[in-house]
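Residue numbers (our numbering), protein chains in the order written: chain E, 102 to 812; chain C, 102 to 812.
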């Protein structure tokens, strides 16, 4: 058993108590098991056998009748235990759980893992039972994992409180990767696959119904554990978004990658997830965006999660994204080059001197290539030691940051050389092999079964190493009290109205530094003429009425009105609207400058049930519904993050070339985004913002129309 | 050895000779090997040992000195062989190959597989050597595979003319899947992985430098082989595009899926491909589009290719895309439901009666779900036989077409039940398991290591089964002689000019049934006024000049000119252009009706180095360069294919909802696409067509501007 590393409390004061509580539960010095059995075929017997084989501290089986379980003296109840244990593992039938939890609380037990099913996922009766144990646990400060989970594994402290692994299978050594899974069944599946793939798991925690502790709480705890270097999460729901973001920030500070596989994305799947875990599922699109904003790797498949876990477990980082590719097959080199390019890596041609040095190691005549991809061809096998020498020479090149190869991992010299090269370098290495991966995996070499998977893994290392900025903690942000005081009076539509008038909405935007069109609200034709004269040039006339939120459809606007026609057009417009919508009360006519646009964008804000405010940016105008491509950011975010989101649209082409947005224009759009985000943070009563179009031209970005909807 | 199935000649007469020639080479009744060796460590010894162990017909080693090779009597030369063999396998050094090929030709040998490297991939000297053997072979009607390949495997006829598999490894039984690979090295790698994954390969052919036979020739041959049901191709280049398309059409007729992994997509990779196979690489984008147009599955990774091979090898098809999902873990069910949705499948809720029947099989109390995904939970293990019964009941449901499950493939009853369910149903089945796949694979069950991979495989079966139409053979299309005669005189710009005037280009388009704006070419202000009066309403005035192809940039057009201002604007426009571009010769001014547009599209044509004419359709207007999303079709294609390509844009949203294109508008756009395609086919001298914008509104689609560039 390794020396016990107690977690460092986070800098956030209110989290240290939480972490200490979880620590007592997940890293216990004493354990009791309620429902332990001598029948190892039963869950109670299986879990107890797992506990008994791994834990070196005091372990007490609890059984109402038997005096001995699997050779250990048993106790009739939690109350009768000789000490208030740190952890109670509970596998008794659902109806008996409330009594056990009550006893645990009274006894001063640290926490309980309730493996038993039949709670919130099992109708109203089950939900009531779950409420009951949750209330009881809270009242006594007892932390709960589960119910309806498969338990957890903490190999560092020898805690096998689970039936994920058979008690007869040898335990793998504790590794730097932690797996947290809401699903017990599929979590075990991933766990097994991880072990088979040579992934060094040290932790595996399942949370099931999450009556108390959820996946985020566990992640927040594990990110502080010094021996944990990589965190993997499989989850259908996310109950604690603020803590989740804080955890991501903390992981970024500690340079520990988090890899997330989120299930329940499609409608059918979300429905199934709700039914079997009794929990709500937020928008997958928002989840992905927010997770990425805070530096998390969002993957689409289980294998991708394991692939990243594998490359990250050695903790290597790079300073640039240049890969050396080495194969004995030209075709494999070409495929790997495609894959690396797709993964955002570069494959630089090697300097002439290095190529000459490689050439000297090659068989003669040499039909391959020393350019990069380096193709030794199969002939290399004819020159003893040549393959190994090429590998070391190429791997040592200062022109590359990473090494990727395709090999046939047949046990022998080449395999051994790969292992010794890998162990002697600090460059990330990813090999691809058909099969027979065992030797390489035993040597710790990240080995994949497809070139694209190897390339994606190296791409992830580059992303983790070269991220442009660290995400800021939302908790570090504070509202601007003066601005809040200034804006509050503006947010007051008449009773019963939720959508603000465009004229009022734009004043609010302006208070957040967002450029708006020059404009004035006119109450008469004379005022309109005067306003137009002040603006100069042609103007737009827009009828402001709470009853006409859709001005175009209602015929409530005129565009490009020449100054000389403003009076006449004003009258015509008002008369027209009066005829079409006699019941609409006109609050005035907005006289607005016409602004040119090389491009129309759209910036909005909506509130996600999980993550709260989310700012969107995308192309605007009539095509927006068809294109539907937007970037999402959760506020607070800064101008640089906003600009970067903007640059991610349309594969970066929005900001490329002569037709793309200039740097000044990008900055102006970023200001709109940041402003909308701050507005959403400072006024929770705002349900929705839609600035469409944002007209961009000549270095500026102006809100030409705006909608703010209040709760 | 199975009964020899000789291929059915294709309906295309000129191909039957080709196929017969390839058949003699790939399905030989007698074999000689030049360069055979008794040293099984050498390539010559390895290949001969492979041949000797598998082939039951006459097999002659050729060796200049030894009288016996691996226990068989040897012959000093091809000339001295007792018969003109069907196949000569050649592994002598490159410089000796021309002599051997000459002897083969003189002797009347059917074909040669040249494994030797050092030809076109090895500088000018190698290229000359390759030319020499190619010429010699052609002169004598000898077919050639290679050089610089790894040979081929035909398990149906016991021909192991390769060093892909060690001669000591037992040979797998012949299966329905054929693998064709340009790359020998990576091809062997895929082949090995296929065997390990339980994929039934019957054929593996590598083509290397493709001096004569190329991957397409081999595919064309294999698609006719009755025992071959699935074709997989890994290639960097495609030398015979017309035959490739014809092969795809033939495969579609025979309902044999073709799965292609194309390498050399990125710039670096393409460069590497050129260097190691001495061949050109076409556009990856066009390759993908054309392959898909003709029903081919284009995959992005090797594993995806094997995954599809695995699901297709049992030849099952479906009538709809409904999947039954069964797991013991709710989380796995949710993930699989996500994966199936993403793969385009549906997961219907089961009818109440079926759910009740399932419920009766489940443990009690039952905490899982019978809805679909069906989640038995791990409890199911407590009721002997329950899991198996649920599987059979669910699998038999008439509400689903396919079955997907996540299992732990631990040898035992559940595994056996999966195998017996699979073997007794005609529904496609895809399982996901962590590991221990052997039993399932031996039972033939398509088994995957990730839910998404299983779902993608089922999705591919649905696509193959439900394809809306069979691709038409390009060779069935003939030009319309009358139209060609009518249009030819229109395609005549002045000497030295390549880009036609818009006015002339539109006349050409009109001849192909493409709707164009009403317009007239005016030579004077008076003519312009008259033309505008005829059109009625506001018009556009566009200066026609070969020197001003970009009218907007040159200020050579006026939009929305009122009929009363036409005379004045004409003068102003001509004067303006005269000042700005004094050297531009004005051929006239096009007076064109202004047409409304709800949406602007862009339809173009360019010629790909590999596939020739390709028609593109995408969003038009100013955003086109930023969005850059286009669908591609190779002509000839019909209105339905065109419409379907249009509907694929922007995830289908271009044709959805009230803002999307109506059916009439879709048909009108499809006519533009078909017309541009026919134009490209009938006039090879047209290098490029650009119809941008195609203005769509009110049920019509009109070419509002057009560019035709000639060679």
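Note that the Cβ used here is the ideal one computed from N, Cα and C, for glycine as well.
- When the five nearest sequence neighbours on each side are left out, the beta carbons in the same chain lying within less than 7 Å of the beta carbon of residue 509(E) are those of 534, 535, in order along the chain.
- Excluding the 5 residues flanking it on each side, residue 144(C) has same chain C-beta neighbours closer than 6 Å at 192, 264, in chain order.
- At a cut-off of 8 Å between beta carbons, residue 760(E) contacts chain C.
- Beta-bridge partners of residue 282(C) (DSSP): 307(C), 335(C).
- Residue 534(E) is bridged by DSSP to 508(E).
- A distance of 8 Å or more separates the beta carbons of residue 307(E) and residue 341(E).
- Cβ contact annotation for residue 207(C) (same chain, cutoff 6 Å, sequence separation greater than five): none.
- Excluding sequence positions up to five before and after residue 528(C), its CB lies within less than 8 Å of the CB of 417, 419, 496, 501, 502, 503, 504, all in the same chain and listed in chain order.
- Residue 692(E) holds the alpha-carbon nearest to the alpha-carbon of residue 662(E) among 692(E), 812(E), 435(E).
- The beta carbon of residue 629(C) sits closer than 8 Å to the beta carbons of 623, 642, 667, 668, 671, 690, 692 from its chain, once the five residues preceding and following it are set aside; these are given in chain order.
- When the Cα atoms are used, residue 371(C) and residue 599(E) turn out to be separated by approximately 58 Å.
- Residue 557(E): member of the alpha helix (DSSP H) spanning 552-567, first to last residue.
- Listed in chain order, the positions of the region 640-653 of chain E with a beta carbon within less than 7 Å of a beta carbon of chain C would be empty, since no residue qualifies.
- Residue 748(E): member of the alpha helix (DSSP H) spanning 740-748, first to last residue.
- Distance from the Cα of residue 221(E) is smallest, within the candidate group 147(E), 250(E), 279(E), for 250(E).
- Contact annotation, residue 373(E) with residue 434(C): C-beta distance approximately 6 Å; criterion of less than 8 Å satisfied.
- Per DSSP, the continuous alpha helix (DSSP H) segment holding residue 539(C) begins and ends at 539-543.
- Residue 786(E): not part of any beta strand (DSSP E); DSSP gives it neither H nor E.
- At a cut-off of 4 residues, the continuous stretches assigned as alpha helix (DSSP H) that sit fully inside the region 671-732 of chain E are 725-728.
- If you check the CB distance, residue 732(E) and residue 750(E) come in under 8 Å.
- By the Cβ-count criterion, residue 369(C) is buried, with 16 or more other Cβ atoms from all chains shown falling within 10 Å of its own Cβ.
- If you draw a straight line from the Cα of residue 561(E) to the Cα of residue 358(E), it comes to about 10 Å.
- In the three-state DSSP reduction, residue 608(C) falls in the helix class (H, G or I).
- Taking a beta-carbon distance threshold of 8 Å, residue 388(C) does not count as an interface residue toward chain E.
- The three-state reading of DSSP puts residue 261(E) in strand, counting E and B together.
- Under a criterion of Cβ atoms nearer than 7 Å, the residues of chain E adjacent to residue 283(C) are, in order, 432.
- Straight across, the Cα-Cα distance linking residue 778(C) with residue 735(C) is about 8 Å.
- If you look at residue 399(C), you'll find it in the beta strand (DSSP E) that goes 398-400.
- The residue from 659(E), 432(E), 422(E) with its alpha-carbon nearest to that of residue 445(E) is 422(E).
- At a beta-carbon threshold of 9 Å, the residues of chain E lying near residue 373(C) are 426, 431, 434, 435, 438, 448, 470, 472, 473, 474, 476, ordered along the chain.
- The beta carbon of residue 392(E) does not come within 8 Å of any beta carbon belonging to chain C, so the residue lies off that interface.
- Residue 809(C): not part of any alpha helix (DSSP H); member of the beta strand (DSSP E) spanning 808-811, first to last residue.
- The residue among 804(C), 122(C), 292(C) with its C-alpha nearest the C-alpha of residue 613(C) is 804(C).
- Residues of chain E with a Cβ closer than 7 Å to the Cβ of residue 551(C) are, in chain order, 402, 403, 404.
- By the criterion of at least three beta-carbon pairs nearer than 8 Å, the region 588-599 of chain E is not in contact with the region 547-562 of chain E.
- In this structure, the beta-carbon distance from residue 636(E) to residue 694(E) falls below 8 Å.
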